[in-house]
Amino acid sequence: MDFSSKKMSLTEIDSRFDNIEKMMTEITKSKLVIADKEYSLSEWITTSDYVKNNRLAIARVHNWITRGVIPKDCIVIIPELNHLKLIKNQSYETRATK
62 MDFSSKKMSL TEIDSRFDNI EKMMTEITKS KLVIADKEYS LSEWITTSDY
112 VKNNRLAIAR VHNWITRGVI PKDCIVIIPE LNHLKLIKNQ SYETRATK
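Each number in the working numbering comes from the position in the sequence shown (counting from 1) with 61 added on.
Structure below.
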């Protein structure tokens, strides 16, 4: 956006920002379709992103998956992407967090 070459009215600037906001909204509505089921990428994240967002150790999250703290319906494994694991972006309760 080049604002220096001509003066734009506030309504023109507002309309440009509205268009940018609409484009960003469309980008964030990305979905992954696996076996005819849609997964919104705003709700599902990789295990490494979950670790970063919640300040946990990767081993702890893998243990939670193994022990069933993170339920099977909250895990998606994508074989086509080298068995990438996506987990639902929500908090999970363990005995220590109850």
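Ideal Cβ placement from N, Cα and C applies to all residues, glycine included. Remember, it's a predicted structure, so these values are computed and weren't measured experimentally.
What is the DSSP secondary structure of Thr107, counted as helix, strand or coil? In the sequence shown, residue 107 corresponds to position 46, counting from 1. Of the three classes helix, strand and coil, the one that applies to Thr107 here is strand, per DSSP.
Please list, in chain order, all residues of the same chain as Leu145 whose beta carbon is under 8 Å from its beta carbon, the five residues on each side excluded. Counted from its first residue, the sequence shown places residue 145 at position 84. Excluding its 5 nearest sequence neighbours in each direction, Leu145 has C-beta neighbours in its own chain below 8 Å: Thr107, Ile138, Ile139, listed in chain order.
Answer yes or no: do Ile119 and Val112 have a C-beta to C-beta separation smaller than 7 Å? For the purposes of this step, residue 119 is taken as the residue at position 58 of the sequence shown. For the purposes of this step, residue 112 is taken as the residue at position 51 of the sequence shown. Yes, these two residues count as a Cβ contact at 7 Å.
Between Lys92 and Glu99, which are expected to be in contact by the criterion C-beta below 8 Å, what is the C-beta distance as a whole number of angstroms? The count along the sequence shown starts at 1 and reaches residue 92 at position 31. The count along the sequence shown starts at 1 and reaches residue 99 at position 38. Yes, Lys92 and Glu99 are in contact; Cβ-Cβ is about 5 Å, under 8 Å.
On the criterion of 16 or more Cβ atoms from any shown chain inside 10 Å, does Tyr94 qualify as buried, or is it exposed? The residue labelled residue 94 in the question sits at position 33 within the sequence shown. Inspection of the sequence shows that residue 94 is occupied by Val rather than by Tyr. Val94 should be labelled exposed.
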